[in-house]
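Enquirer:
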Amino acid sequence: MSYTVLARRYRSVTFEQVVGQEPVSQTLQNAIASGRVAHAYLFSGTRGVGKTSMARIFARALNAPSTIPDCPVPSDGHEYPEVDVQERMATAIMTGDDLNVIEIDGASNRGVDEARQLIANASLAPTGNARYKIYIIDEVHMLTREAFNALLKTMEEPPEHIKFILCTTEPHKVPPTIQSRCQRFDFRNLPTARIAGHLENVMAGEKLEADAAVLWQIARLGNGSMRDALSLLDRLIATGCTPLNSQVLEEMLGLPPQTQVVALVGAMAQGQIAQTLEYTDALLGSGVAVEQFFDVLIERLRQLMLIGACGLESPLVQLPDDARKEAADQSGHFDAAGLVHMIALCENVQRTAKISSNPRALVDAVMVRLALAEKMADVTAVLAGGSVAGVIPRGGGASGGTSGGTSGGGGIQKKKSS
Numbered sequence: 003m004s005y006t007v008l009a010r011r012y013r014s015v016t017f018e019q020v021v022g023q024e025p026v027s028q029t030l031q032n033a034i035a036s037g038r039v040a041h042a043y044l045f046s047g048t049r050g051v052g053k054t055s056m057a058r059i060f061a062r063a064l065n066a067p068s069t070i071p072d073c074p075v076p077s078d079g080h081e082y083p084e085v086d087v088q089e090r091m092a093t094a095i096m097t098g099d100d101l102n103v104i105e106i107d108g109a110s111n112r113g114v115d116e117a118r119q120l121i122a123n124a125s126l127a128p129t130g131n132a133r134y135k136i137y138i139i140d141e142v143h144m145l146t147r148e149a150f151n152a153l154l155k156t157m158e159e160p161p162e163h164i165k166f167i168l169c170t171t172e173p174h175k176v177p178p179t180i181q182s183r184c185q186r187f188d189f190r191n192l193p194t195a196r197i198a199g200h201l202e203n204v205m206a207g208e209k210l211e212a213d214a215a216v217l218w219q220i221a222r223l224g225n226g227s228m229r230d231a232l233s234l235l236d237r238l239i240a241t242g243c244t245p246l247n248s249q250v251l252e253e254m255l256g257l258p259p260q261t262q263v264v265a266l267v268g269a270m271a272q273g274q275i276a277q278t279l280e281y282t283d284a285l286l287g288s289g290v291a292v293e294q295f296f297d298v299l300i301e302r303l304r305q306l307m308l309i310g311a312c313g314l315e316s317p318l319v320q321l322p323d324d325a326r327k328e329a330a331d332q333s334g335h336f337d338a339a340g341l342v343h344m345i346a347l348c349e350n351v352q353r354t355a356k357i358s359s360n361p362r363a364l365v366d367a368v369m370v371r372l373a374l375a376e377k378m379a380d381v382t383a384v385l386a387g388g389s390v391a392g393v394i395p396r397g398g399g400a401s402g403g404t405s406g407g408t409s410g411g412g413g414i415q416k417k418k419s420s
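Quick note on numbering: the sequence shown equals residues 3 to 420 in our numbering.
1) For threonine 382, count the other beta carbons within 10 Å of its own beta carbon; 16 or more makes it buried, fewer makes it exposed. Which is it?
2) Return the residue from the list Leu306, Ile300, Ser333 that minimises the CA-CA distance to arginine 353.
3) Short of 6 angstroms in beta carbon distance, which residues of its chain neighbour asparagine 111, apart from the five on each side in sequence? Order them along the chain.
4) Name the one or two DSSP bridge partners that tyrosine 137 has.
5) Could you pull out every unbroken beta strand (DSSP E) segment of at least 3 residues lying fully inside the segment 33-101, listed in chain order?
6) Could you tell me how far apart the beta carbons of cysteine 169 and isoleucine 138 are, in whole angstroms, since I believe they sit closer than 8 angstroms?
7) Cβ of arginine 196 within 7 angstroms of Cβ of glycine 334?
8) Which class does leucine 192 belong to by DSSP, given the choice of helix, strand or coil?
9) Would you identify the three-state DSSP class for leucine 217, choosing helix, strand or coil?
10) Hey, would you say cysteine 73 sits closer than 7 angstroms to alanine 63, going by beta carbons?
11) Comparing C-alpha positions only, which one of Met307, Ala375, Trp218 sits nearest to aspartate 324?
12) So leucine 257 and glutamine 294 are in contact, right, with Cβ under 8 angstroms, and what is the actual spacing, rounded?
13) Glycine 50 and methionine 228 - do their beta-carbons sit closer together than 7 angstroms?
14) For the segment 245-260 and the segment 303-321, state whether three or more C-beta atom pairs, one from each stretch, are separated by less than 8 angstroms.
15) Relative to the C-alpha of aspartate 140, which candidate in Glu253, Gly52, Asn203 has its C-alpha closest?
16) Quick check on glutamate 105: buried or exposed, where buried means 16 or more other Cβ atoms within 10 Å of its Cβ?
17) Short of 6 angstroms in beta carbon distance, which residues of its chain neighbour arginine 10, apart from the five on each side in sequence? Order them along the chain.
18) Leaving out five residues before and five after serine 69 in sequence, what residues of the same chain have Cβ atoms less than 7 angstroms from its Cβ?
19) Taking C-beta to C-beta, are aspartate 78 and glycine 113 nearer than 7 angstroms?
20) Quick check on DSSP: helix, strand or coil for alanine 212?
21) Grouping DSSP H, G and I as helix and E and B as strand, with all else coil, what is arginine 427?
22) Look up arginine 11 in the DSSP assignment and say whether it is helix, strand or coil.
23) If you count every other CB in all the chains shown that lies within 10 Å of the CB of histidine 143, and 16 or more means buried, which is it?
24) Pick from Leu44, Ser4, Ala276, Gly242: whose alpha carbon is nearest that of leucine 210?
25) Who are the near neighbours of proline 322 in its chain, counting only those whose CB is closer than 6 angstroms to its CB and skipping five residues on each side?
26) Between the alpha carbons of asparagine 203 and tyrosine 12, how many angstroms are there, rounded?
27) Can you give me the Cβ contacts of histidine 80 inside the same chain, cut-off strictly under 7 angstroms, excluding the 5 residues immediately before and after it?
28) Could you tell me which of Pro173, Arg183, Ile136 sits nearest to methionine 157, measuring between CA atoms?
29) State the Cα-Cα distance for the pair histidine 174 and glutamate 349, rounded to the nearest angstrom.
30) Could you give the distance in angstroms between the alpha-carbon of glycine 430 and the alpha-carbon of leucine 192?
31) Run through DSSP, which three-state label would glutamine 274 get?
32) In the DSSP assignment, what residue or residues form a beta bridge with glutamine 185?
33) Apply the 10 Å Cβ neighbour rule to tyrosine 5 and answer buried if 16 or more other Cβ atoms are within range, or exposed otherwise.
Rendered as structure tokens:
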């Protein structure tokens, strides 16, 4: 028997199960209850946030409302078929096999001929016991200009039994003439905490164990997409390791070990140049790409910045509980302004290293600069004629002449460790 991936097995089948899109779910349910269902909708958002799932659930609610818990039923007196008939319809809708809920891939059916065929079929009444004929057009932005033009009239004044649900990851490519004929819903990227919580439920459903830290890592790597996160989890489960841990994920994806990244930032915080370079060499020597190295380092510095600026309990701090205290202790060695500049330096070298003939020299140079941050002059203080961290402006004395710079620039500050 073939294996069904997690993203399909745990696909949402009710409004409540679509994680992170509660405003959209509630609005659609209110529209059904009040009898104000529009003839065309545009669902936009990044991949894997629930657009197509929501479209299927909405179609199911329109044709088989009794199969969805707490689904509103219009008060217009329409008689729906028996529950067992609705159950069969719902199963067909959610698997994409229903004759009255037609799913079209805009990427492979993008021409004017396909659009004309859709228009011709739209005039036909729904078959069987269905109330509506519903067209779900995925990746609608891939349609040609001629196809969009062919759809215009039908989308503006469709037959009463027709509903359109257009899904796209690039709404700016959908012509304004089409968008103006739709009710648009923007699907949000999913917060890391919501993705991690869903991954915990999936692991419980699979009767498998995983460290909280690895689920948070997977959730962050999903970049707001539940499907991407579930695909990563699928790959991790396939390794056969139990319980799943961060080391397995790092080896699978070629990521720098998080413990070494934490140690590296700790060496930078203490101003230990030799250890900073040794940790950097160990990470790059293990096969980690420069870009991945900076991705993980920047994310670590970002978490420290958020803790310093917003506090440890802020929802912006996306770390599991057992990692928060360690991050809070490390954050105490820096101030928020210094971390902002450190992130900017890392991001600049990350981009520059791609076109450099000697990227390793750039990496080592910026790591030394970060480790020496406490000894760098505050540019504002220097320009004011002061002396910071033992650096004396050019001109000689404390009240010397013109202000000068320091090697490596300034602006980075670290809190003095007690």
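Beta carbons: idealized from backbone N, C-alpha and C, even for Gly.
Being a predicted model, the structure only gives us computed values, none of them experimental.
Expert: Concretely, from the data shown:
1) Low per-residue confidence applies at threonine 382: pLDDT is 43, beneath 50, and the placement is therefore not dependable, though the value from the model is reported in the following sentence. Burial state of threonine 382 is exposed, judged by a 10 Å Cβ sphere holding fewer than 16 other Cβ atoms.
2) Minimum Cα distance to arginine 353 is reached at Ile300.
3) Answer for asparagine 111: no residue qualifies.
4) In the DSSP secondary-structure assignment, tyrosine 137 is bridged to Ile104, Phe166.
5) The qualifying runs are 42-46.
6) About 7 angstroms; that satisfies the 8 angstroms criterion.
7) Not closer than 7 angstroms, so no.
8) It is coil, neither helix nor strand.
9) In the three-state DSSP reduction, leucine 217 falls in the helix class (H, G or I).
10) Alanine 63 sits close to cysteine 73, with the two beta carbons spaced by under 7 angstroms.
11) Nearest to aspartate 324 by alpha-carbon distance, out of Met307, Ala375, Trp218, is Trp218.
12) By a beta-carbon distance limit of 8 angstroms, leucine 257 contacts glutamine 294. Their separation comes to about 6 angstroms.
13) Going by C-beta atoms, methionine 228 is nearer than 7 angstroms to glycine 50.
14) The segment 245-260 makes no contact with the segment 303-321; the number of CB pairs closer than 8 angstroms stays below 3.
15) With distances taken between CA atoms, aspartate 140 lies nearest to Gly52 out of Glu253, Gly52, Asn203.
16) Buried.
17) Excluding its 5 nearest sequence neighbours in each direction, arginine 10 has no C-beta neighbour in its own chain below 6 angstroms.
18) First, the residue type needs correcting, since residue 69 is threonine and not serine in the sequence shown. Excluding five sequence positions before and after threonine 69, the CB atoms of its chain that fall closer than 7 angstroms to its own CB belong to Arg62, Gln88, Glu89, Ala92, given in chain order.
19) When the beta-carbon positions are compared, aspartate 78 and glycine 113 stay at least 7 angstroms from each other.
20) Reduced to three states, the DSSP call for alanine 212 is strand.
21) Any question about residue 427 goes unanswered here, given that the chain covers just 3 to 420.
22) Assigned with DSSP and collapsed to three states, arginine 11 falls in helix.
23) Under this definition histidine 143 is a buried residue.
24) Of the candidates Leu44, Ser4, Ala276, Gly242, the one whose C-alpha sits nearest the C-alpha of leucine 210 is Gly242.
25) Here the set comprises Ala214, Ala215, Trp218.
26) Straight through space, the alpha carbons of tyrosine 12 and asparagine 203 are spaced by roughly 10 angstroms.
27) If we look at histidine 80 and ignore the five residues flanking it on each side, its Cβ neighbours are Arg133.
28) The shortest Cα separation from methionine 157 among Pro173, Arg183, Ile136 belongs to Arg183.
29) Whole-angstrom Cα-Cα distance: 28 angstroms.
30) With the chain covering 3 to 420 only, the question about residue 430 has no answer from this structure.
31) Reduced to three states, the DSSP call for glutamine 274 is coil.
32) Residue pairing by DSSP places glutamine 185 opposite Tyr43 in a beta bridge.
33) Tyrosine 5 comes out exposed.
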